[in-house]
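Per the working numbering, the sequence shown runs over residues -8 to 109. All C-beta atoms in this analysis are idealised placements derived from N, C-alpha and C, irrespective of residue type, glycine included. All figures in this text were calculated on a predicted structure; none of them were measured in a lab.
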Amino acid sequence: MLTGCRILVAETDYVAATEMATSLQEAGATILGPVPTEDMAIDILLPGDVDLVIFNALLRERRVALLPACLARQEVVSMMVNDLELRSDDPLCQGRKQLLHPLHYPHFKQVVAELLAR
């Protein structure tokens, strides 16, 4: 389903990051990361060749600030998997799917596949 897709996972929680990465790898994706910080995510994103970025709005208890601008500049599709729901009028939610932990993995993989099919 996701064969050949390169997906960057940015998540501070090691268990959550590992579960997401494993779920996506089982569907055939190549995982970049997972990484726990915004800086590390940007370092992987900037050289290019990333199909999708999945990130938590809070990395190491800091709200992401530069990553959304980098995603827009690189024209990379992204989605958030957060611990707490952000309001729909939050700038991070504009044009971006938001799922919440704990994930239902069949639905998670379906959402990822739909985003990549665009």
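Checklist entry - Can you name the residues that DSSP bridges to residue 69? => result Here residue 69 is taken as the residue at index 78 of the sequence shown, counted from 1. DSSP output for residue 69 lists 44 as bridge partner(s).
Checklist entry - With C-beta atoms as the reference, is residue 103 less than 9 Å away from residue -1? => result Translated into positions along the sequence shown, residue 103 becomes position 112. Translated into positions along the sequence shown, residue -1 becomes position 8. Against a cut-off of 9 Å, the Cβ pair of residue -1 and residue 103 comes out as no contact.
Checklist entry - Can you name, in chain order, every residue of its own chain whose Cβ lies under 6 Å from the Cβ of residue 68, other than the five neighbours on each side? => result Sequence index remark: in the sequence shown, residue 68 carries index 77 (1-based). If we look at residue 68 and ignore the five residues flanking it on each side, its Cβ neighbours are 43 and 106.
Next on the checklist: With three or more C-beta pairs closer than 8 Å as the rule, is the region 58 to 77 touching the region 13 to 26?
Outcome noted: no
Item to check | Residue interval of the alpha helix (DSSP H) (run including residue 102) | outcome: Taking the first residue of the sequence shown as position 1, residue 102 is located at position 111. 96 to 108 is the extent of the alpha helix (DSSP H) around residue 102.
Checklist entry - CB-CB under 6 Å to residue 25, same chain, minus the five flanking residues each way: which ones, in chain order? => result Taking the first residue of the sequence shown as 1, we reach residue 25 at position 34. The residues are 0, 2, 8 and 12.
Checklist entry - Of all the options 38, 58 and 29, which has the alpha carbon lying nearest to the alpha carbon of residue -3? => result Taking the first residue of the sequence shown as position 1, residue -3 is located at position 6. Ranking 38, 58 and 29 by Cα distance to residue -3 puts 38 first.
Item to check | Spatial neighbours of residue 90 in its chain, beta-carbon cut-off 6 Å, leaving aside the 5 residues before and after | outcome: Looking up residue 90 in the sequence shown gives position 99. Once the five neighbours on either side are set aside, the close Cβ partners of residue 90 are 72.
Item to check | Continuous alpha helix (DSSP H) stretch holding residue 36: start and end | outcome: Counting from one through the sequence shown, the residue named residue 36 turns up at place 45. Its alpha helix (DSSP H) spans residues 29 to 36.
Checklist entry - Three-state secondary structure (DSSP) at residue 49? => result On the sequence shown, position 58 is the one that residue 49 refers to. In the structure shown, residue 49 sits in a strand (DSSP, three-state: E or B).
Item to check | For residue 109 and residue 47, the rounded distance between their alpha carbons | outcome: Along the sequence shown, one-based indexing puts residue 47 at 56. Along the sequence shown, one-based indexing puts residue 109 at 118. Approximately 22 Å between the Cα atoms of the pair.
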